[in-house]
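Residue numbers (the UniProt record's numbering): 1 to 136. The C-beta atom is built at its ideal place from N, Cα and C for all residues, glycine as well. Encoded as structure tokens, the structure appears first; notes follow it.
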């Protein structure tokens, strides 16, 4: 598969961000409860916005597939053997000069049914708050 041209993608996203008011992320107080993946440290972090203004993150929308998802601890680094879709999305986030990625299978604690239910209710806000969404 050909390597994406991240410079072109970055130009398109910058143009959209500067010229399309409807493309601006819609930050919401509900986002303060979400977890993001820091692609630099490969750790899960609480939504890192001390000033309440939000932060740039990219969301990933993808089909999980039939392989069971492993539960990731919020205190440990990610395993090295992530699904290729997630690994490729992490590369894209880094190449686009961003730091944070939201992936439902990782950022929502799949073993905590209460948290899972609460976070699923926020998914519209999560996608609205994203700088961009990768659809894979």
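Query                                                                                               : Result
Inter-residue spacing [alpha-carbon to alpha-carbon] between residue 103 and residue 8              : 24 Å
Enclosing alpha helix (DSSP H) for residue 113 [first to last residue]                              : 113-121
Paired residues, beta bridge with residue 57 - DSSP                                                 : 100
Endpoints, the alpha helix (DSSP H) within which residue 18 is located                              : 6-19
Length of the line joining the Cα atoms of residue 97 and residue 2                                 : 20 Å
Inter-stretch contact at 8 Å, needing at least 3 Cβ pairs: the segment 115-128 / the segment 80-100 : no
Which listed residue (28, 91, 114, 135) has its alpha carbon closest to that of residue 55          : 28
DSSP state of residue 124 mapped onto helix, strand, coil                                           : helix
Residue 136 - DSSP class collapsed to helix/strand/coil                                             : coil
heavy atom of the ligand ATP below 7 Å from residue 62 C-beta                                       : In terms of ligand content, the structure shown is empty, and the ligand ATP therefore cannot be addressed.
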